[in-house]
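Single-structure report; data block below.
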Amino acid sequence: MAAPLFHPQFPPAIQNVINRLYTETIEQDPRVRDMALAGGMANESHRGFYAAMTDARMPVTPEFGHLLYVLARTTGSRRIIEFGTSFGVSTLFLAAALRDNGGGQIISTELFPAKAARAEANLREAGLADLVEIRVGDARETLMPDGGEPIDLILLDAAKDLYLDVLRLLEPSLRKGGVVVSDRADADGGDGDRAAAYLDYLADIANGYRVASIATQALGQTFLHDVAIHVCRSAGG
Ligand SMILES: C[S@@+](CC[C@H](N)C(=O)[O-])C[C@H]1O[C@@H](n2cnc3c(N)ncnc32)[C@H](O)[C@@H]1O
């Protein structure tokens with residue numbers, strides 16, 4: 009028997025949805041990706057590539073998902089913003105943490121209505137939909153500052169060359185001690201200089217972050233992630 013992808017640790021209603029989505033990812037995502045790439049859409053931050061990938065789940069690795077849960081628990085997160093919902097795998101890990109923290113809100117953002125609808129269905133099936141609002145459209149517009157509660161955790165998992173723009177948009181509301189987590193900022197696609205500028209921004213201590221870069225493995229591949237704590241007091245903290 010093949011080794012499990014990860015060790016189940018959530019109540020069955022949540023775990024079953026996570027398991028199904030990872031199984032579907034293995035079975036279906038490679039074919040969708042091959043078709044997208046064959047169509048000449050190799051550039052991951054192009055709207056066209058994401059449009060060609062609307063049937064692909066593209067989730068965080070299971071291990072990184074568990075880290076998201078742990079980070080949201082250790083920060084006592086009540087308000088989380090996510091850039092890149094897709095089918096909602098990372099959202100499920102984060103929403104499970106919010107539920108275990110006693111409640112709160114995730115605002116997640118997705119370019120395509122069809123993907124947002126599938127994420128909403130998955131969250132409903134897991135019994136976590138009441139914790140999540142999915143905003144459809146370009147995150148640079150849907151995440152305009154709303155003067156809400158300070159943000160505890162930001163997850164960046166979409167177009168890499170927009171990570172810095174989205175972070176700067178949210179930063180005034182990020183509380184001191186809040187966490188910024190990003191997936192695969194090193195990955196090819198889009199404007200590589202903008203993605204590098206995001207990593208440089210986090211690494212420059214004058215900007216008020218302390219960052220750790222980590223890697224997780226899945227299906228024989230290595231995926232890089234960056235986890236940063238916001239150490240400076242901001243308007244929101
Ligand atoms: C890698 S997937 C997210 C995976 C998800 N976090 C998970 O673990 O299941 C990235 C998603 O970001 C969406 N996206 C890309 N550019 C975006 C933008 N400018 N605003 C909002 N969503 C965007 C894509 O359509 C895609 O579904």
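Just add 8 to the spot in the sequence shown (first one is 1) and you have this note's numbering.
Note that CB positions come from ideal geometry on N, CA and C, so glycine has one too.
Problem set entry | Assigned exposure category for residue 238 - 16 Cβ within 10 Å defines buried | Within the sequence shown, the letter at position 230 stands for residue 238. Burial call: buried.
Exercise. Who are the Cβ neighbours of residue 115 in its own chain at under 6 Å, not counting the five residues just before and after it?
Worked result: Numbered from 1 along the sequence shown, position 107 holds the residue referred to as residue 115. Correct list, in chain order: 89, 141.
Problem set entry | residue 87 beta carbon less than 8 Å from that of residue 159 | For the purposes of this step, residue 159 is taken as residue 151 along the sequence shown, with counting starting at 1. For the purposes of this step, residue 87 is taken as residue 79 along the sequence shown, with counting starting at 1. Yes, the Cβ-Cβ distance between residue 159 and residue 87 is below 8 Å.
Exercise. Is residue 22 helix, strand or coil by DSSP?
Worked result: Here residue 22 refers to the residue found at position 14 of the sequence shown. Residue 22 falls in the helix class under three-state DSSP.
Exercise. Given that a residue counts as buried once 16 or more other Cβ atoms are within 10 Å of its Cβ, and exposed if not, what is residue 22?
Worked result: What you label residue 22 is simply residue 14 of the sequence shown in a count that begins at 1. By the neighbour-count definition (other C-beta atoms within 10 Å, threshold 16), residue 22 is a buried residue.
Problem set entry | For residue 182, the nearest candidate out of 215, 205, 202 (CA to CA) | Along the sequence shown, read from residue 1 onward, the residue named residue 182 stands at position 174. When only C-alpha atoms are compared, the closest one is 215.
For this session: Return yes when the Cβ of residue 131 is within less than 8 Å of the Cβ of residue 100, no when it is not.
Result: Numbered from 1 along the sequence shown, position 92 holds the residue referred to as residue 100. Numbered from 1 along the sequence shown, position 123 holds the residue referred to as residue 131. Contact annotation: residue 100 and residue 131 have beta-carbon atoms nearer than 8 Å.
Exercise. Is any heavy atom in ligand 1 found nearer than 7 Å to the beta carbon of residue 83?
Worked result: Here the question's residue 83 lines up with position 75 in the sequence shown. No, Cβ of residue 83 sits at least 7 Å from all heavy atoms of ligand 1.
Exercise. Between the stretch 32 to 47 and the stretch 70 to 82, are three or more C-beta pairs nearer than 8 Å?
Worked result: No contact exists between the stretch 32 to 47 and the stretch 70 to 82.
Exercise. Just how far apart, CA to CA, sit residue 112 and residue 133?
Worked result: As a first step, residue 112 is located in the sequence shown; it is residue number 104 there, counting from the start. As a first step, residue 133 is located in the sequence shown; it is residue number 125 there, counting from the start. Cα to Cα, the separation comes out at about 19 Å.
Problem set entry | Proximity test, residue 166 beta-carbon vs ligand 1 heavy atom, cut-off 7 Å | Reading the sequence shown from its first residue, position 158 is the one you call residue 166. Within the cutoff, so yes.
Exercise. Is it buried or exposed for residue 233, if we count other Cβ within 10 angstroms and need 16 for buried?
Worked result: If you number the sequence shown from 1, residue 233 lands on position 225. Buried.
For this session: Within the same chain, show all residues whose beta-carbon is closer than 6 Å to that of residue 166, passing over the 5 residues directly before and after it, in chain order.
Result: The sequence position of residue 166 within the sequence shown is 158, counting from 1. Contacts found: 91, 92.
For this session: Report yes if the C-beta of residue 71 is less than 7 Å from at least one heavy atom of ligand 1; otherwise report no.
Result: Indexing the sequence shown from 1 puts residue 71 at position 63. No - ligand 1 has no heavy atom lying nearer than 7 Å to the Cβ of residue 71.
For this session: Give a single yes or no on whether residue 221 has its beta carbon closer than 7 Å to a heavy atom of ligand 1.
Result: Position 213 of the sequence shown, counted from the first residue, corresponds to residue 221. No - ligand 1 has no heavy atom lying nearer than 7 Å to the Cβ of residue 221.
Problem set entry | chain C within 8 Å of residue 218, Cβ atoms only | In the displayed structure, chain C is absent; only one protein chain is listed.
Exercise. For residue 236 versus residue 188, is the C-beta distance shorter than 8 Å?
Worked result: Start at 1 with the first residue of the sequence shown, and residue 236 comes out as number 228. Start at 1 with the first residue of the sequence shown, and residue 188 comes out as number 180. Between residue 236 and residue 188, the C-beta gap is smaller than 8 Å, which places the two residues in contact.
Exercise. When you compare only the Cα positions, how much space is there between residue 194 and residue 124?
Worked result: In the sequence shown, counting from the first residue as 1, residue 194 sits at position 186. In the sequence shown, counting from the first residue as 1, residue 124 sits at position 116. Going from the Cα of residue 194 to the Cα of residue 124 covers about 26 Å.
Problem set entry | Secondary structure, beta strand (DSSP E): runs of 3+ residues fully inside the stretch 88 to 129 | 113 to 118
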